[in-house]
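Comments concern the structure below.
Protein chains: 4
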Amino acid sequence: MRERIRAAGHDVVGYDPRPEISDAASLAELVEKLAAPRVVWVMVPSGVTEDIIDQLGGLLSAGDIVIDGGNSKFTDDGPRAERLGALGIGYMDVGVSGGVWGITNGYALMVGGEKQHVDHCMPIFEALKPAGEFGFAHAGPVGAGHYSKMVHNGIEYGLMHAYAEGYELLKASELVHNVPEVFKSWREGSVVKSWLLDLLDRALDEDPELANIKGYAEDTGEGRWTVEEGIRLAVPMNVIAASLFARFTSRQEDSPAIKAVAALRNQFGGHAVKR
Amino acid sequence: MRERIRAAGHDVVGYDPRPEISDAASLAELVEKLAAPRVVWVMVPSGVTEDIIDQLGGLLSAGDIVIDGGNSKFTDDGPRAERLGALGIGYMDVGVSGGVWGITNGYALMVGGEKQHVDHCMPIFEALKPAGEFGFAHAGPVGAGHYSKMVHNGIEYGLMHAYAEGYELLKASELVHNVPEVFKSWREGSVVKSWLLDLLDRALDEDPELANIKGYAEDTGEGRWTVEEGIRLAVPMNVIAASLFARFTSRQEDSPAIKAVAALRNQFGGHAVKR
Amino acid sequence: MRERIRAAGHDVVGYDPRPEISDAASLAELVEKLAAPRVVWVMVPSGVTEDIIDQLGGLLSAGDIVIDGGNSKFTDDGPRAERLGALGIGYMDVGVSGGVWGITNGYALMVGGEKQHVDHCMPIFEALKPAGEFGFAHAGPVGAGHYSKMVHNGIEYGLMHAYAEGYELLKASELVHNVPEVFKSWREGSVVKSWLLDLLDRALDEDPELANIKGYAEDTGEGRWTVEEGIRLAVPMNVIAASLFARFTSRQEDSPAIKAVAALRNQFGGHAVKR
Amino acid sequence: MRERIRAAGHDVVGYDPRPEISDAASLAELVEKLAAPRVVWVMVPSGVTEDIIDQLGGLLSAGDIVIDGGNSKFTDDGPRAERLGALGIGYMDVGVSGGVWGITNGYALMVGGEKQHVDHCMPIFEALKPAGEFGFAHAGPVGAGHYSKMVHNGIEYGLMHAYAEGYELLKASELVHNVPEVFKSWREGSVVKSWLLDLLDRALDEDPELANIKGYAEDTGEGRWTVEEGIRLAVPMNVIAASLFARFTSRQEDSPAIKAVAALRNQFGGHAVKR
Numbered sequence: 000m001r002e003r004i005r006a007a008g009h010d011v012v013g014y015d016p017r018p019e020i021s022d023a024a025s026l027a028e029l030v031e032k033l034a035a036p037r038v039v040w041v042m043v044p045s046g047v048t049e050d051i052i053d054q055l056g057g058l059l060s061a062g063d064i065v066i067d068g069g070n071s072k073f074t075d076d077g078p079r080a081e082r083l084g085a086l087g088i089g090y091m092d093v094g095v096s097g098g099v100w101g102i103t104n105g106y107a108l109m110v111g112g113e114k115q116h117v118d119h120c121m122p123i124f125e126a127l128k129p130a131g132e133f134g135f136a137h138a139g140p141v142g143a144g145h146y147s148k149m150v151h152n153g154i155e156y157g158l159m160h161a162y163a164e165g166y167e168l169l170k171a172s173e174l175v176h177n178v179p180e181v182f183k184s185w186r187e188g189s190v191v192k193s194w195l196l197d198l199l200d201r202a203l204d205e206d207p208e209l210a211n212i213k214g215y216a217e218d219t220g221e222g223r224w225t226v227e228e229g230i231r232l233a234v235p236m237n238v239i240a241a242s243l244f245a246r247f248t249s250r251q252e253d254s255p256a257i258k259a260v261a262a263l264r265n266q267f268g269g270h271a272v273k274r
Numbered sequence: 000m001r002e003r004i005r006a007a008g009h010d011v012v013g014y015d016p017r018p019e020i021s022d023a024a025s026l027a028e029l030v031e032k033l034a035a036p037r038v039v040w041v042m043v044p045s046g047v048t049e050d051i052i053d054q055l056g057g058l059l060s061a062g063d064i065v066i067d068g069g070n071s072k073f074t075d076d077g078p079r080a081e082r083l084g085a086l087g088i089g090y091m092d093v094g095v096s097g098g099v100w101g102i103t104n105g106y107a108l109m110v111g112g113e114k115q116h117v118d119h120c121m122p123i124f125e126a127l128k129p130a131g132e133f134g135f136a137h138a139g140p141v142g143a144g145h146y147s148k149m150v151h152n153g154i155e156y157g158l159m160h161a162y163a164e165g166y167e168l169l170k171a172s173e174l175v176h177n178v179p180e181v182f183k184s185w186r187e188g189s190v191v192k193s194w195l196l197d198l199l200d201r202a203l204d205e206d207p208e209l210a211n212i213k214g215y216a217e218d219t220g221e222g223r224w225t226v227e228e229g230i231r232l233a234v235p236m237n238v239i240a241a242s243l244f245a246r247f248t249s250r251q252e253d254s255p256a257i258k259a260v261a262a263l264r265n266q267f268g269g270h271a272v273k274r
Numbered sequence: 000m001r002e003r004i005r006a007a008g009h010d011v012v013g014y015d016p017r018p019e020i021s022d023a024a025s026l027a028e029l030v031e032k033l034a035a036p037r038v039v040w041v042m043v044p045s046g047v048t049e050d051i052i053d054q055l056g057g058l059l060s061a062g063d064i065v066i067d068g069g070n071s072k073f074t075d076d077g078p079r080a081e082r083l084g085a086l087g088i089g090y091m092d093v094g095v096s097g098g099v100w101g102i103t104n105g106y107a108l109m110v111g112g113e114k115q116h117v118d119h120c121m122p123i124f125e126a127l128k129p130a131g132e133f134g135f136a137h138a139g140p141v142g143a144g145h146y147s148k149m150v151h152n153g154i155e156y157g158l159m160h161a162y163a164e165g166y167e168l169l170k171a172s173e174l175v176h177n178v179p180e181v182f183k184s185w186r187e188g189s190v191v192k193s194w195l196l197d198l199l200d201r202a203l204d205e206d207p208e209l210a211n212i213k214g215y216a217e218d219t220g221e222g223r224w225t226v227e228e229g230i231r232l233a234v235p236m237n238v239i240a241a242s243l244f245a246r247f248t249s250r251q252e253d254s255p256a257i258k259a260v261a262a263l264r265n266q267f268g269g270h271a272v273k274r
Numbered sequence: 000m001r002e003r004i005r006a007a008g009h010d011v012v013g014y015d016p017r018p019e020i021s022d023a024a025s026l027a028e029l030v031e032k033l034a035a036p037r038v039v040w041v042m043v044p045s046g047v048t049e050d051i052i053d054q055l056g057g058l059l060s061a062g063d064i065v066i067d068g069g070n071s072k073f074t075d076d077g078p079r080a081e082r083l084g085a086l087g088i089g090y091m092d093v094g095v096s097g098g099v100w101g102i103t104n105g106y107a108l109m110v111g112g113e114k115q116h117v118d119h120c121m122p123i124f125e126a127l128k129p130a131g132e133f134g135f136a137h138a139g140p141v142g143a144g145h146y147s148k149m150v151h152n153g154i155e156y157g158l159m160h161a162y163a164e165g166y167e168l169l170k171a172s173e174l175v176h177n178v179p180e181v182f183k184s185w186r187e188g189s190v191v192k193s194w195l196l197d198l199l200d201r202a203l204d205e206d207p208e209l210a211n212i213k214g215y216a217e218d219t220g221e222g223r224w225t226v227e228e229g230i231r232l233a234v235p236m237n238v239i240a241a242s243l244f245a246r247f248t249s250r251q252e253d254s255p256a257i258k259a260v261a262a263l264r265n266q267f268g269g270h271a272v273k274r
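Chains as they are written, first to last, in numbering that gives the first Met the number 0: chain A, 0 to 274; chain S, 0 to 274; chain Y, 0 to 274; chain E, 0 to 274.
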C-alpha cells in the first residue's frame with residue numbers, strides 16, 4: 000500500500016519490526032519523522048492492533064489521526080475512538096479489500112469515521128483506491144468501515160461456496176467432460192461472471208483437477224462475526240452460515256455429529272457402522 | 000413381523016429364497032397354500048419389489064390383495080395398483096416404522112389404499128401395530144402410505160441431526176464434563192425426550208465416547224425423496240436437506256467444493272493451501 | 000416448582016413481588032424466615048437475575064447457597080460464583096426443562112457447580128426431578144448447567160423444525176388426506192415418537208388445520224447462544240441455525256434479502272417484480 | 000440473438016407465431032427458405048420445445064442440425080438426439096447466459112453435442128459469443144450444454160443470495176448509514192466485484208431503499224434441477240438449496256411449518272401464539 004501512496008506523490012514513513020523493510024527504527028521514530036498534523040495508518044495482525052494504537056496514543060499529538068486499516072472487529076472501533084478522542088487524536092476504521100492484487104488494481108476502501116477526518120485523509124484514500132468512481136465509501140461513523148468490510152467478507156464466503164458447489168456438481172456429472180472449460184466460458188457474457196470466477200479459472204489453469212490442493216479451508220473471523228451479527232439483529236443468514244460451517248467441517252478429522260447419527264442408525268435399524 | 004401376526008392367531012405362510020426360514024418353496028407354492036381371498040404382504044429389498052409384485056399378479060386371483068410393506072417410492076404405487084386392479088387384485092402400500100424393535104413394541108403403520116381393502120386387512124394391521132390408540136393411520140389413497148413413511152423418515156433425519164449437533168457441541172464445550180450423563184438426564188421430564196434420545200443414551204452407555212464408530216452415515220432413499228418432494232411442491236426443507244447433505248459430506252474422502260474454496264483463498268489472499 | 004418441593008416434605012418460603020402468591024414481603028424477609036445454612040432458588044426473568052443475585056449476596060451468610068434455575072447465559076455463572084464465593088456463599092446453575100408440564104411430570108435438571116453444593120442440595124433436586132433414574136445430571140463445574148440447558152434448547156429448535164417441515168410437506172401433498180391421523184399414528188411404534196410429537200398431536204386435536212395460529216415464532220436466547228457457541232468452537236450447526244433463521248424469517252413483514260434477489264432478477268432477466 | 004448473427008454476416012430466417020416479428024409464416028416456410036444443410040436454432044418457452052423439435056423432425060432432411068438454445072432440462076436432450084439422429088438430423092443443446100444484456104455484451108454459450116456438429120456451427124457461436132477468449136465451451140456430449148447452464152443458474156442463485164444476505168445485514172446495522180454507497184464501493188478493487196454486483200448497484204441507484212420491490216422471488220427450474228442433481232449424485236448443496244428454499248418461503252402468505260413450531264411452543268411452554 001505504501002507503494003501506491005508514494006506513487007501518488009505523498010511522503011510515507013513506514014515502520015515494521017523487520018528493519019530491512021522499515022523506514023524507522025521504532026514507532027517513536029516514525030512519529031518524530033512525520034510533521035504534524037500526522038496521519039498514521041495501522042495495518043498489523045489483529046492480535047497486536049490494540050497495543051499499537053495505545054502506544055500511538057502516547058506518542059501522537061492533538062490534531063493527529065490514527066487509521067486502522069486491518070481486519071479489527073467493528074466493536075473495537077468505538078472504544079478506541081473514545082480513548083484517542085480524549086487526547087484530541089482522531090480515529091478512523093478502514094475496511095480494505097483487494098488481497099494481493101490491490102497493488103496493481105487499487106484497493107476498495109470502506110471508511111468509518113467523522114466527516115472532517117475523512118475529508119482530511121481523502122488524498123490518501125484517492126491514492127489507494129482504484130481509479131474511477133468506484134472503490135471508496137464513507138460508510139458511516141466510527142465502526143462502519145470495519146462493519147462493511149466484515150459484511151463484504153461474509154458475502155465473499157457465500158460467493159466462493161456457491162461457485163464451489165457448482166464446481167463439485169460439474170465434476171460429479173457424467174455429462175460434463177470439460178469442467179475447466181465451462182468455468183472459462185462464463186468469464187464473459189454470463190450472469191455469473193466475477194473476479195472470483197476469474198481467479199477460479201486461473202487456479203484451474205494451474206491445476207485442472209485441483210489435485211494439489213486439499214479440501215481444507217481456514218476462516219479468519221469476519222465470516223463468524225457476520226453470522227453472529229445476523230443472529231444479534233435477527234437477520235437470516237442461511238447461505239453465509241452454511242459457507243462458514245462447511246469450512247468448519249473441512250477441518251475435522253472425523254465428525255462427532257455423524258458418529259452420533261451412525262450410532263443411532265445402528266441402534267434402531269441395525270445398520271452397520273464403520274469402525 | 001410374521002411372529003406378531005401369528006401371535007394374534009392368524010395363519011401365516013412365509014416365502015423367502017432362503018429355504019431354512021421359508022414356509023414355501025416358491026412364490027407359486029405360497030399362493031397355493033393360501034385360501035382365497037388371499038392377502039400377500041410383500042416386504043423385500045426395494046430393488047426386487049417391482050418384479051415380485053408382477054409375479055404375484057400372475058399367480059393371484061381376482062379378490063386377492065397385495066400389500067407392499069417395503070420402502071418403495073410412492074410414485075411406484077399408483078402404477079402397481081392399476082396393473083393389479085386390471086386383474087381384479089387389490090393393492091395397498093404400507094409404510095412400516097419401528098426398526099429392529101418392532102417385534103416387541105409393535106410397528107407404526109401408515110396405509111395407502113381403498114377403504115374396503117383397509118377394512119378387510121384390519122385384523123393384520125391390528126396384530127402388527129402397537130396396542131392402544133396410536134400406531135396406525137389410513138393416510139389416503141394408494142401411495143399415501145409410502146408417502147407418509149417417506150416424510151416420517153425425512154423427519155427422522157432432521158431429529159437425528161439435531162441431537163447430533165447438540166452432542167458435538169457438548170463434546171466441544173470446556174464446561175460440560177459429563178456428556179453422556181446430560182443426555183441421560185433428558186430422558187425424563189425434558190422437552191427433548193424421545194425414543195431416539197433413549198437410543199442415543201443406549202449407544203453412549205455402550206461406548207461413552209463413540210470411539211468405535213466412524214463419522215460415516217449412509218442414506219437410504221427416503222431422505223432424498225423427501226427433499227425432492229419439497230422441491231417439487233415448493234416447500235422449504237432447510238433442516239431435512241441439511242441433515243441429508245451432512246451424510247453426503249460424511250462419505251467424502253475429500254471435498255471438491257472445499258478444494259475450490261481453498262484454491263480461491265490462495266489466489267486472492269495468498270492464503271496457504273494444504274497439499 | 001414450590002409445590003413439588005413441598006410435596007416432598009421440605010419447608011419452602013417463596014418470595015414474589017406479587018403479594019398474593021408470596022410467602023414473604025421482601026427478599027430480606029425471605030432470608031430471615033429461612034434457617035442457616037439457607038438454599039435460595041432464584042427463578043426470575045433473565046433481565047433481573049443479576050440484580051436479585053447481588054441483593055442476595057448482601058443478605059445471605061457464609062455457608063448459604065444460591066441456585067439460579069432461570070435461563071441465564073452460561074457466561075454469567077462464573078462471575079456470579081466468584082462474587083458470591085468471596086462472601087463464602089455457594090452458587091449453582093441449574094438448567095430446568097419441562098415447561099408447564101413439569102409440575103406433574105417432574106423437571107429435568109442439569110446442574111453446574113461444586114460437588115459439595117450438589118450433594119447438599121440433592122434432596123431438593125430429588126423432589127423436583129421425575130421419579131426414576133433419569134431427569135438429573137451434574138453436568139460439570141459452575142456454568143455447565145446453563146450450558147447444557149442451552150444445548151438442550153438448541154436441540155429442541157431443531158427437533159421442532161424437523162417435525163414442522165414434515166408437517167408442511169404432508170399438508171402440501173396431493174396424496175395424504177389425513178395429516179393429523181398420520182402424526183397420531185407415529186406416537187407409538189415409530190422411530191420419530193417423542194414428547195414433542197405428542198404435543199403436536201395434541202395441538203392438531205385442538206385445531207386440525209392450525210387455522211387459529213399464525214406462522215410467527217419468537218426465540219428466547221438459547222437458540223442464538225447455541226449457534227454462537229457452535230461458531231466459537233467451530234462446530235457446524237446447520238440444522239439448529241436453519242431452525243433459528245426460520246423463526247427470524249417468520250417475524251419479517253417483508254424480506255430485504257429477497258427484495259435484493261427480486262431486484263437482481265429484474266435487472267438481468269427483465270423478470271417482473273412484485274410492487 | 001438474430002441481430003448478433005446477422006451483424007456477423009449470416010443469413011437468418013426467424014419464425015415466431017407473432018407475424019409482425021416473424022420472417023416466415025410457418026415452421027414449414029422457415030425450413031423451405033433455408034438452403035440445406037440447414038441449422039435451426041430453437042429458442043422457445045420450455046413447455047413447447049418438445050413439440051417444436053418433433054415438428055422440425057418432420058420437416059428437415061438428413062444432414063440438417065437442430066439446436067435447442069432454451070432452458071430445457073438436460074435429461075430431455077439425449078432422447079431428442081436419438082429421435083432426430085434416426086432421421087440423420089443432428090442435435091445440439093446450448094446453454095445460453097446473458098439475459099437482456101446479451102445483445103450488446105454477447106452471450107456465454109455452453110454446448111453439448113458431437114464435435115462435427117459443433118465445428119459446423121462454430122460461425123454461429125462465434126457471432127453470438129462475446130469477443131475474446133471467453134464465453135464459449137464445448138462442455139461434452141449431448142446434454143452437457145444444458146447441464147452446464149443448469150449448474151450456472153444454480154450458482155447464480157447462490158451468488159445472488161449471498162449478496163442479498165449481506166444487503167439485509169447492512170440495512171439492519173446501526174452503524175452503516177449509506178448502504179448503496181458501500182455496494183458501489185465494491186465495484187472496483189474488491190474481492191466481491193462481479194456483474195451481479197454491478198446490477199445490484201444499478202438497482203439501488205434506481206431505488207435506494209428497494210421500496211418499490213416486494214420480497215417475492217420466482218424460480219424457473221434450473222435451481223431446482225441443480226439441487227435434485229446434487230441429491231442424485233450425493234453432492235452437498237447447502238448454499239444453493241438454501242437460496243432456492245428462501246425463494247419458496249418468499250412466496251408463502253403464511254408458513255405451515257412455523258404454524259407447527261408456534262403450536263408446539265404454545266403447548267409446552269404456554270408461549271402466546273399470534274392468531
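From the three backbone atoms N, C-alpha and C, an ideal C-beta is built for every residue, glycine too.
Distance from Val-38 of chain Y to Ile-64 of chain Y at the Cβ level is roughly 5 Å; contact confirmed, criterion being Cβ atoms closer than 8 Å.
Within the segment 132-204 of chain E, complete alpha helix (DSSP H) segments of at least 4 residues are found at 143-171 and 178-184, given in chain order.
The shortest CA-to-CA distance from Asn-211 of chain S to any of A:Asn-265, A:Gly-229 and A:Val-110 is the one to A:Asn-265.
No Cβ of chain E is located within less than 8 Å of the beta carbon of Val-260 of chain A. Residue contact check for Arg-250 of chain S against chain Y: no CB pair falls below 8 Å.
For the segment 202-220 of chain A, the beta-carbon criterion of a distance under 7 Å to any beta-carbon of chain E is satisfied by none of its residues. When secondary structure is reduced to three states using DSSP, Leu-33 of chain A falls in the coil class, being assigned neither helix nor strand.
In the three-state reduction of the DSSP assignment, Leu-55 of chain E falls in the helix class.
In the structure shown, Ile-230 of chain E adopts helical secondary structure according to DSSP, grouped into three states. Minimum Cα-Cα distance from Val-226 of chain Y among the listed residues Y:Leu-243, Y:Ala-216, Y:Glu-217 and Y:Tyr-215 corresponds to Y:Leu-243.
Among the residues facing chain A, Arg-223 of chain Y is included, as its CB has a counterpart in that chain under 8 Å away.
A buried status is given to Gly-97 of chain Y, since no fewer than 16 other beta-carbon atoms sit within 10 Å of its beta-carbon.
Taking C-beta atoms as the reference points, Ala-138 of chain Y and Glu-180 of chain S count as a pair closer than 8 Å. By the Cβ-count criterion, Val-99 of chain E is exposed, with fewer than 16 other Cβ atoms from all chains shown falling within 10 Å of its own Cβ.
Within the segment 162-178 of chain E, Tyr-162, Ala-163, Glu-164, Tyr-166, Glu-167 and Lys-170 place their CB atoms closer than 7 Å to a CB of chain Y, listed in sequence order. For Leu-108 of chain E, the three-state secondary structure derived from DSSP is strand. At least 8 Å separates the CB of Leu-127 of chain Y from every CB of chain E.
Residue contact check for Arg-186 of chain A against chain E: a CB pair falls below 8 Å.
The CB of Leu-232 of chain E comes closer than 8 Å to the CB of Leu-168, Ala-171 and Ser-172 in chain A, given here in chain order. Thr-248 of chain A counts as buried, since at least 16 other C-beta atoms from the protein chains shown sit within 10 angstroms of its C-beta. Leaving aside the five residues that flank Asn-104 of chain S on each side, the residues in its chain whose CB is nearer than 8 Å to its CB run, in chain order, Gly-97 and Pro-129.
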